[in-house]
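Going by this note's numbering, the sequence shown runs without a break in its numbering and finishes at 1306.
Report on the structure given below.
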Amino acid sequence: CRSRGCEEEGKHFSASLTDFLFPVFQQELDTKHDKYERLVKISRDVTIESKRTIFLLHRVTSVPDAEDILNEADVKLDGVRQKIGLIAEELRGEDIHQFHRAFTPGIQEYVEAVSFQHYIRHHSLISLEEINARLVFMRTETHEHKGSCEAPPLSAQVLTFQVTPSDYLLGVADLTGELMRMCISSVGNGDINTPFRLSQFLRQIHDGFSYIGNTGPYEVSKKLHTLRQSLGKVEDACYTLRVRGSEIPKHMLADVFSSRTTLIDPDEGVV
């Protein structure tokens, strides 16, 4: 009887402990899920604004002076960085790897947009260090003192967001698609020099990704096929310009490239 009583007491204690701990774990999981959903929404906003910046930057091929468009893109990218600052606030004191999947699409799109703008302005690839240097945010906090009628003092706090190497590589891989589109639209506007400059730049990016190969993240190796497709289309445009450029009117070159590109597009999704 004594052993039976101890067993009943143990069951009661176990049930009481479960009843006590379950609300704690439930609250912890709910808090984590809520934060995850907030990060997804912010990332979606970052993606939308970054895409709008990319669409804006594509207009540089049709205007005589690109500086106004680049300055407008600066303003848009500053707005995107403010949204990334919200991500940094959400991640303060958290393990970034637990929430990485929530915001990585937006960060990749931002890398694509900022690297596209950097190439148009400097004809070079922006580094990961340069990107992260712009993701430093100042936040002011108030500290209330009980029993004091004075205004609470303000303190400045520095928040940083670090783009991961994998997000940087994936964003650069997506950049190649925008450069390919820039090549085609440039030819359509009578610019026959840009495709050759883009071809050399894309070849350098391709060589860099080839060195990584299968040693990098899985998503990077998947993007390598799309990168090769973009490079192939630009090289095809350069070949057509070099061989047939003198016999095809400039205003028809874009149509020729578009028709040749369509023949390659069905393989675009192959990974």
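Ideal placement from N, C-alpha and C gives every residue a C-beta, glycine not left out.
Exposed unless 16 or more other CB atoms sit within 10 angstroms - verdict on residue i
i: Y1253; result: exposed
i: I1247; result: exposed
i: M1217; result: buried
i: V1255; result: buried
i: A1168; result: exposed
i: Q1152; result: buried
i: S1159; result: exposed
i: Q1143; result: buried
i: G1141; result: buried
i: T1250; result: exposed
i: V1222; result: buried
i: G1304; result: The predicted position of G1304 is uncertain, since its pLDDT is 37 and thus under 50; a value taken from the coordinates is nonetheless stated next. It is exposed - the Cβ of G1304 has fewer than 16 other Cβ atoms within 10 Å.
Alpha helix (DSSP H) segment containing residue i, residue limits
i: G1212; result: 1200 to 1223
i: G1120; result: 1102 to 1125
i: L1276; result: 1253 to 1279
i: E1367; result: In this structure the chain extends from 1036 to 1306, so residue 1367 is not present and cannot be described.
i: I1161; result: Note, I1161: premise wrong, no alpha helix (DSSP H); not H, not E.
i: G1243; result: 1229 to 1247
Length of the line joining the Cα atoms of residue i and residue j
i: D1113; j: E1125; result: 19 Å
i: S1245; j: M1173; result: 39 Å
i: I1122; j: T1261; result: 29 Å
i: I1131; j: Y1071; result: 11 Å
i: Q1192; j: I1083; result: 28 Å
i: N1106; j: V1059; result: 50 Å
i: T1096; j: I1219; result: 10 Å
i: G1128; j: F1134; result: 12 Å
i: L1064; j: F1138; result: 19 Å
i: R1094; j: G1120; result: 28 Å
i: Q1264; j: V1098; result: 28 Å
i: D1226; j: K1067; result: 52 Å
i: L1092; j: I1104; result: 7 Å
i: Q1062; j: L1214; result: 47 Å
i: Q1117; j: V1171; result: 10 Å
i: L1259; j: D1100; result: 34 Å
i: D1209; j: V1110; result: 22 Å
i: R1079; j: S1234; result: 32 Å
i: E1147; j: T1175; result: 30 Å
i: A1108; j: K1086; result: 11 Å
i: L1266; j: R1136; result: 29 Å
For residue i: DSSP bridge partner residues
i: F1172; result: L1194
Inset, instruction - Give a yes or no on contact between the stretch 1162 to 1169 and the stretch 1192 to 1203, applying the rule of three or more CB pairs nearer than 8 Å. - result: yes
Inset, instruction - Pair every Cβ in the stretch 1214 to 1231 with every Cβ in the stretch 1260 to 1272, then say whether three or more of these pairs are closer than 8 Å. - result: yes
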